[in-house]
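Those protein sequence lines, which keep their order, are chains V and P.
The opening residue of the first sequence carries number 132 in this note's numbering; numbering runs sequentially from there.
The opening residue of the second sequence carries number 132 in this note's numbering; numbering runs sequentially from there.
Take a look at the structure set out below.
There are 2 protein chains.
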Amino acid sequence: MVETKPGTNLLFLRDEDLRQGIELLFFAYRDFTAEGDTILSKQKFGRAHHRVIYFVGQYPGMSVSNLLDILSITKQSLSRVLRQLVDEGYIDQQPGTRDRRQRLLTLTAKGKELEQLLTSEQRARIAAAYKNAGADAVEGFRKVMLGIMEDSARHRFNEDKT
Amino acid sequence: MVETKPGTNLLFLRDEDLRQGIELLFFAYRDFTAEGDTILSKQKFGRAHHRVIYFVGQYPGMSVSNLLDILSITKQSLSRVLRQLVDEGYIDQQPGTRDRRQRLLTLTAKGKELEQLLTSEQRARIAAAYKNAGADAVEGFRKVMLGIMEDSARHRFNEDKT
DNA sequence: TTTATAAGTCAGTATTATTGACATATATTA
DNA sequence: TAATATATGTCAATAATACTGACTTATAAA
Numbered sequence: 132m133v134e135t136k137p138g139t140n141l142l143f144l145r146d147e148d149l150r151q152g153i154e155l156l157f158f159a160y161r162d163f164t165a166e167g168d169t170i171l172s173k174q175k176f177g178r179a180h181h182r183v184i185y186f187v188g189q190y191p192g193m194s195v196s197n198l199l200d201i202l203s204i205t206k207q208s209l210s211r212v213l214r215q216l217v218d219e220g221y222i223d224q225q226p227g228t229r230d231r232r233q234r235l236l237t238l239t240a241k242g243k244e245l246e247q248l249l250t251s252e253q254r255a256r257i258a259a260a261y262k263n264a265g266a267d268a269v270e271g272f273r274k275v276m277l278g279i280m281e282d283s284a285r286h287r288f289n290e291d292k293t
Numbered sequence: 132m133v134e135t136k137p138g139t140n141l142l143f144l145r146d147e148d149l150r151q152g153i154e155l156l157f158f159a160y161r162d163f164t165a166e167g168d169t170i171l172s173k174q175k176f177g178r179a180h181h182r183v184i185y186f187v188g189q190y191p192g193m194s195v196s197n198l199l200d201i202l203s204i205t206k207q208s209l210s211r212v213l214r215q216l217v218d219e220g221y222i223d224q225q226p227g228t229r230d231r232r233q234r235l236l237t238l239t240a241k242g243k244e245l246e247q248l249l250t251s252e253q254r255a256r257i258a259a260a261y262k263n264a265g266a267d268a269v270e271g272f273r274k275v276m277l278g279i280m281e282d283s284a285r286h287r288f289n290e291d292k293t
């Protein structure tokens, strides 16, 4: 598919390779999100709820503005979704100790349960793909994905970049 | 991040690795689609139009039902989008020769122009990520992405699988 | 001739998202 | 302290995407 110039590490990037890259992203993401959406639609929630549940689960105590940055949506858009999740007991809000204007978000037990339900299929899907592809391939996957995202998002993945 | 068991090709898949995989997909896809969406919103079109333009551009003469399969949406959802694109002269429809019930789709010159505008940034983004990551990483990226998508989507990428 | 398929349409509804305009509480700065 | 900025929330109006269900038309296949 993608060939190395003999004796170098350069790539010949044909149009076809780039087209394929676009489609790899489209189909992988489509199938990656499909099942979670199905589960949620049975609970009157949508993909937006999934994302909120997911990120609050991963970063307990995160602020609303932090969540807005991650999701790249407006606070009015987040508002309805967050309100539902708080009202129905999936998410807790508590004022920040350092800055009492903040409303720090955490999952309740009920929220954690839903988070597990939603991400377990995605984790299994990633695990299967990783195992099948092998460790070197996973490292390549990481490199390319980091290259595709914006610089501003990349820092999240740099913890142990010794 | 992901480590090989010494002497084997197996992976230790920690929860943290799987969580990271989920986020790599989320952030890469978010940033990959953001600019195209911005361009389109200036023309009263949205991401759905983008996808239609893209796939019709890549597979000229594709049928409506084929497009529906790819997009995984209902024909009622596609209908509005397709109608707009046909009415405004971006896409041509012509009856199939073998099966005259079909309405085969192709881009007009105007459609091709928009397709170029929309995908050029995505191609550039992929090209930069590929170049930076190197040929081996790209091969790993392909393997993992193919593993993430459904079996039914994988055949698209198997042309030269000798 | 009956049945199935490809495509399209009409109606109703839900979800996600936007912009704009304000309001409240708290923090920071002059 | 007073003025300003920030974090969050809310109201209202609107748009885009998507769904289900019920039909219709044309053509193909059994």
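Where a beta carbon is used, it is the ideal one built from N, C-alpha and C, also for glycine.
Quick caveat, the model's predicted, so the values are computed rather than measured.
Who are the neighbours of residue 160(P) on chain V, taking C-beta pairs under 8 Å?
Simply 156 and 160.
Tell me whether residue 175(V) is buried or exposed, calling it buried when 16 or more other Cβ atoms sit within 10 Å of its Cβ.
Exposed, because fewer than 16 other Cβ atoms sit within 10 Å of the Cβ of residue 175(V).
Would you list the residues sitting across from residue 157(V) in a DSSP beta bridge?
Residue 157(V) is not bridged to any residue.
Start and end of the alpha helix (DSSP H) containing residue 253(P)?
Element bounds for residue 253(P): 240 to 264.
Can we say the segment 159 to 170 of chain P touches the segment 252 to 264 of chain P, given the rule of at least three CB pairs closer than 8 Å?
Enough Cβ pairs lie closer than 8 Å, so yes.
Is the Cβ of residue 204(P) closer than 8 Å to any Cβ of chain V?
Chain V contact via Cβ: absent.
Going by DSSP, what residue range makes up the beta strand (DSSP E) through residue 223(P)?
That run of the beta strand (DSSP E) goes 222 to 226.
Could one say the Cβ of residue 253(P) lies closer than 8 Å to chain V's Cβ atoms, at least one of them?
So, interface residue.
Are any of the Cβ atoms in chain V nearer than 8 Å to that of residue 152(P)?
It does; some Cβ of chain V falls within 8 Å.
Check residue 280(P) in the structure and name its three-state DSSP category.
Residue state, collapsed to three classes: coil.
Going by DSSP in three states, residue 164(V) sits in which element: helix, strand or coil?
Helix.
Using the C-alpha atoms, what's the distance from residue 204(V) back to residue 139(P)?
In this prediction, residue 139(P) has a pLDDT of 46, which is less than 50 and means its spatial position is unreliable; nothing more can be read from the coordinates.
Over the uninterrupted alpha helix (DSSP H) stretch that includes residue 288(V), give me the two end residues.
First-last for residue 288(V): undefined, no H or E at that position.
Between residue 305(V) and chain P, is there a C-beta pair that is closer than 8 Å?
With chain V running from 132 to 293 in the structure shown, residue 305(V) is simply not present.
Who pairs with residue 234(P) in a beta bridge, going by DSSP?
DSSP output for residue 234(P) lists 226(P) as bridge partner(s).
Considering only the beta carbon of each residue, do residue 195(V) and residue 231(V) sit closer than 8 Å?
The answer is no: Cβ separation not under 8 Å.
Between residue 230(V) and chain P, is there a C-beta pair that is closer than 8 Å?
Chain P contact via Cβ: absent.
First and last residue of the alpha helix (DSSP H) that includes residue 176(P)?
Where residue 176(P) is concerned, there is no enclosing alpha helix (DSSP H), given that its DSSP letter is neither H nor E.
Could you work out which residue in 272(P), 228(P), 236(P) and 288(P) is closest to residue 197(P) when comparing CA atoms only?
Measuring from the Cα of residue 197(P), the nearest candidate turns out to be 236(P).
In the segment 238 to 271 of chain P, which residues sit with their C-beta less than 9 Å from some C-beta in chain V, listed in chain order?
Those would be 250, 253, 254, 255, 256, 257, 258, 259, 260, 261, 262, 263, 264, 265, 266, 267, 268, 269, 270 and 271, in chain order.
Can you pull the chain P residues whose beta carbon is under 7 Å from the beta carbon of residue 189(V), in chain order?
Going along chain P in sequence order, the residues near residue 189(V) (Cβ under 7 Å) are 150.
Determine the burial state of residue 283(V): buried for a count of at least 16 other Cβ atoms within 10 Å of its Cβ, exposed for fewer.
Its Cβ having fewer than 16 others within 10 Å, residue 283(V) is exposed.
Name, please, each residue of chain P whose Cβ falls closer than 7 Å to the Cβ of residue 193(V).
Per Cβ cutoff of 7 Å: no residues; residue 193(V) is ~14 Å from chain P at best.
Would you say residue 273(P) reaches chain V, if we count a Cβ-Cβ gap shorter than 8 Å as a contact?
For residue 273(P), the answer is yes, since a Cβ of chain V falls inside 8 Å of its Cβ.
Should residue 266(V) be labelled buried (16 or more other beta-carbon atoms within 10 Å of its own) or exposed?
Answer is buried; the Cβ neighbour count reaches 16.
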